[in-house]
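Student:
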Amino acid sequence: MDRRDVRRRDLALIRHITSLVVLAVEVVVIVVIDIVIVAVVVVEVVVVIVVVVAVGSSSNSSSSSSSSSSSSNSSSSNNSSSSSSR
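Straight run, no breaks: the sequence shown in my numbering ends on number 749.
1. What's the gap between the Cα of residue 704 and the Cα of residue 684?
2. What's the gap between the Cα of residue 677 and the Cα of residue 715?
3. Give me the Cα-Cα distance between residue 673 and residue 680, rounded to the nearest whole angstrom.
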């Protein structure tokens with residue numbers, strides 16, 4: 664083996680190592696991007712759940728307040744009709 668063969672072998676080894684490092688960096692970048700995508704999806708699901716719960720509770724409170732006001736209206740009209748009949 665002369666020096667040229669050793670140099671050629673070293674260059675081939677350096678190319679292989681460089682391509683492996685580039686491949687490892689690409690894998691890490693893809694994994695990080697996937698983690699970010701999953702985190703965004705989780706945040707969106709949580710926001711949708713919070714909005715649904717908030718809308719549900721506000722509609723429940725508004726329907727209960729309207730039913731209580733209608734029951735108080737009917738009781739006051741009952742009171743006025745009973746007093747007018749006397």
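In this text, a Cβ means the ideal position worked out from N, Cα and C, and glycines have one as well.
Tutor: Quick look at the numbers:
1. Residue mapping note: residue 704 aligns to position 41 of the sequence shown, counting from 1. Residue mapping note: residue 684 aligns to position 21 of the sequence shown, counting from 1. Their Cα atoms are separated by approximately 30 Å.
2. Counting from one through the sequence shown, the residue named residue 677 turns up at place 14. Counting from one through the sequence shown, the residue named residue 715 turns up at place 52. Distance between the alpha carbons of residue 677 and residue 715 is about 57 Å.
3. On the sequence shown, position 10 is the one that residue 673 refers to. On the sequence shown, position 17 is the one that residue 680 refers to. Looking at the two C-alpha atoms, the distance is approximately 10 Å.
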